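A quick write-up on the structure given underneath.
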Amino acid sequence: MFDLKWIRENPEKFDNALVKRHLPPHSAEILALDEDRRAHVAKLQEAQTRRNAASKEIGRAKSSGDEKTAQALIDEVADLKTEIQDGEEEERRLSEALNDILSSLPNRPLDDVPVGKDEEANLLVRQVGEPPEFAFEAKQHFEIGEALGLMDFETAAKLSGARFVVLKGLLARLERALAAFMLDLHTDEFGYREIAPPFLVRDATMFGTAQLPKFADDQFRTEDGFWLIPTAEVPLTNLVRENIVDEDELPLRFTAYTPCFRLEAGAAGKDTRGMIRQHQFSKVELVSIAHPDQSLEEHERMTSCAEEVLKRLKLPYQVIVLSTGDMGFAARKTYDIEVWLPGQNMYREISSCSVCGDFQARRMNTRFRVKDAKDLRFVHTLNGSGLAVGRTMVAILENYQQEDGSVLVPEILRPYLGSAERITAS
RNA sequence: GGAUGGGUGGCCGAGUGGUUGAAGGCACCGGUCUUGAAAACCGGCAGGCGUGCAAGCGUCUCGAGGGUUCGAAUCCCUCCCCAUCCGCCA
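Shown next, in the form of structure tokens:
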């Protein structure tokens with residue numbers, strides 16, 4: 010969502026941002042609507058002013074017993090009434106039209122975001138860790154998991170169809186261990202507050218983080234009108250919807266371990282095998298509600314918090330900055346963290362950390378009161394995966410695989426797995 | 001699913017047709033007092049939109065929309081949301 014006043018003053022910047030996102034310019038259309046709307050508002054308010062003045066006079070006339078003057082004024086006001094009603098309706102219509110456009114346009118990329126058509130234009134920021142060398146041919150995670158008898162896609166298909174998995178034994182426990190490890194790290198060391206949020210939310214919540222109205226087709230919806238969250242970003246960010254928060258409690262940092270549900274409507278044929286792309290996966294999410302002056306700094310910090318998970322798991326990864334063509338709708342800038350997958354011989358996304366500026370805050374109407382001034386400003390919001398648990402498991406299986414088909418447990422996870430050092434066929 | 005009661009400013013909470021955009025309290029801001037702080041006292045303090053260089057002016061908003069009325073937070077209708085009790089249930 011955008012600030013109309015800002016668009017009025019910076020139409021060319023606004024359009025440039027859209028062009029960077031490979032969308033046609035919209036400022037002319039928006040400003041025409043806006044101008045129309047303001048003209049109507051002015052006219053409407055004028056009529057309202059006259060009505061209000063007349064109403065007051067009616068009160069005075071009546072109380073002084075001047076029925077004749079009162080009646081004349083009443084007749085005058087009756088005419089104004091239809092004018093006002095028509096004006097209100099027109100104003101509502103124009104405001105809605107304006108809102109429909111504004112809420113369907115993506116956020117403006119920051120200036121330092123590489124401009125490009127798609128992921129080809131993403132830029133490498135840094136690489137950390139060395140891909141492991143194997144004396145044998147590295148397998149993909151699903152080969153490893155299935156051979157261990159702990160990862161079962163066939164049974165999952167029986168239960169739920171494609172893009173689901175059943176994990177068993179130590180792999181099921183590994184999922185829980187990873188979540189616990191990540192949450193402990195983010196809460197104990199990085200100051201995030203652990204939240205256990207609802208996984209079903211309503212329209213307004215999905216609108217707040219901008220899944221709605223544009224991406225309804227990517228979401229699961231219950232018959233009762235609830236949406237299954239596609240990420241904990243949705244409930245965590247909306248924790249402060251319609252709130253006025255204290256300036257000195259910023260930044261608010263939240264983390265949650267939740268399942269995420271995605272229709273993957275546009276991903277037919279992509280990553281059909283294995284756990285990479287599922288309708289349901291779990292993720293530990295990080296969300297910050299930040300002061301506008303500190304949101305960029307917070308973005309770097311959040312990214313480093315997510316990276317720390319991979320460092321401690323000793324998984325090699327790289328950080329890239331997404332190009333304007335690859336960035337999500339609400340983001341102004343996004344770092345993706347990609348983990349090395351020996352079985353695929355490539356880096357794959359395991360985390361995405363975005364700073365959204367005031368884009369979501371405007372949709373949620375989340376503000377803070379400026380100290381020593383009484384004006385209200387929109388907060389900035391950020392979100393990042395810290396990390397996607399399923400893909401982290403994939404990375405562990407592939408990076409820690411052994412020639413005999415077993416998988417070593419990263420040291421830091423062993424306390425969470427009953428001291429198990431190795432996952433073997435059961 | 002059945003039955004009630006509710007939705008008012010950052011928060012609590014008065015207010016059932018006529019300067020009520022809304023008492024009072026809390027919080028917050030400024031000041032007096034104090035060595036400093038607290039307390040006490042005095043003063044300020046809703047948001048959106050429009051207009052204006054600005055001071056300001058206008059307008060809308062008491063969950064949302066519609067209606068009655070010269071006039072609605074207050075009356076009527078529809079919808080949304082919340083709470084409590086009963087039933088069911090982890």
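Mind the numbering: the first sequence is residues 10 to 435 in the numbering used here, read in order. Glycine included, C-beta positions come from ideal geometry on N, C-alpha and C. Computed from a predicted model, the values in this text were never measured in an experiment.
Measure how close the beta-carbons of residue i and residue j come, nearest whole angstrom, since I'm counting them as under 8 Å.
i              : j             : result
glutamine 149  : glycine 234   : Rounded, the Cβ-Cβ distance is 39 Å, inconsistent with contact.
threonine 333  : serine 361    : In fact, because the Cβ distance is near 15 Å, the residues do not count as touching under 8 Å.
lysine 292     : alanine 397   : 5 Å
threonine 218  : alanine 26    : With 8 Å as the limit, threonine 218 and alanine 26 do not qualify as a contact, their Cβ atoms being about 20 Å apart.
isoleucine 329 : leucine 132   : 6 Å
threonine 264  : glutamate 203 : 6 Å
glutamate 307  : leucine 391   : 6 Å
glycine 414    : alanine 156   : 5 Å
threonine 433  : valine 249    : Actually they do not touch by this definition, with Cβ atoms about 46 Å apart.
glutamate 18   : aspartate 335 : Actually they are not in contact, since the Cβ atoms of glutamate 18 and aspartate 335 sit about 29 Å apart, beyond 8 Å.
Answer with buried or exposed for residue i, where buried requires no fewer than 16 other C-beta atoms within 10 angstroms of its C-beta.
i                 : result
methionine 355    : exposed
threonine 58      : exposed
glutamate 251     : exposed
isoleucine 253    : exposed
asparagine 408    : buried
valine 379        : exposed
threonine 312     : buried
aspartate 345     : buried
arginine 371      : buried
phenylalanine 145 : exposed
glutamate 436     : Here the chain comprises residues numbered 10 to 435, so residue 436 is not present and cannot be evaluated.
alanine 171       : exposed
glycine 435       : The identity of residue 435 in the sequence shown is serine, whereas the question assumes glycine. So serine 435 counts as exposed.
isoleucine 428    : Reading the sequence as shown, one finds serine at residue 428 and not isoleucine. By the neighbour-count rule (16 or more Cβ atoms within 10 Å), serine 428 is not buried but exposed.
arginine 167      : The amino acid at residue 167 is misidentified as arginine; the sequence shows lysine. When all chains shown are included, lysine 167 counts as exposed.
proline 439       : With the chain covering only 10 through 435, there is no way to say anything about residue 439.
leucine 32        : exposed
lysine 223        : exposed
arginine 135      : exposed
threonine 164     : exposed
Going by C-alpha to C-alpha distance, which of the options sits closest to residue i?
i                 : options                           : result
leucine 111       : Glu273, Leu157, Pro34 and Thr375  : Pro34
glutamate 273     : Asn61, Pro20 and Gln289           : Gln289
tryptophan 236    : Val28, Lys22, Asp345 and Val210   : Val210
phenylalanine 151 : Thr214, Ala404, Ser435 and Gly125 : Ala404
alanine 277       : Phe270, Pro268, Cys269 and Gln287 : Gln287
histidine 49      : Ala225, Leu103, Ala186 and Asn374 : Leu103
aspartate 212     : Glu198, Gln228 and Leu40          : Gln228
leucine 107       : Cys314, Val124, Phe11 and Ser304  : Phe11
isoleucine 359    : Glu128, Val296 and Gly395         : Gly395
valine 28         : Lys126, Thr78, Ala41 and Ile83    : Lys126
alanine 186       : Arg423, Arg431 and Glu430         : Arg423
aspartate 255     : Glu232, Pro206 and Arg386         : Arg386
From the DSSP output, read off the bridge partner residues of residue i.
i                 : result
serine 361        : Asp345
serine 64         : For serine 64, which the question treats as bridged, DSSP gives no partner whatsoever.
valine 174        : According to DSSP, valine 174 bridges with nothing at all.
glycine 393       : Leu295 and Cys362
phenylalanine 377 : Val254 and Arg386
valine 464        : Shown here, the chain extends from 10 to 435; a query on residue 464 therefore has no answer.
proline 268       : Ser291
arginine 230      : Trp236
Measure the CB-CB distance between residue i and residue j and report whether it falls below 8 Å.
i                 : j              : result
phenylalanine 190 : isoleucine 421 : yes
glutamate 294     : leucine 331    : no
asparagine 116    : glycine 399    : no
arginine 46       : isoleucine 93  : no
leucine 259       : isoleucine 298 : yes
leucine 53        : glutamate 85   : no
valine 416        : isoleucine 153 : yes
methionine 402    : leucine 183    : yes
leucine 89        : aspartate 43   : no
arginine 262      : glycine 200    : yes
phenylalanine 208 : proline 140    : no
valine 137        : tyrosine 425   : no
glycine 96        : alanine 56     : yes
proline 419       : leucine 322    : yes
glutamate 242     : valine 175     : no
glycine 337       : serine 304     : no
leucine 324       : tyrosine 266   : no
isoleucine 67     : isoleucine 39  : no
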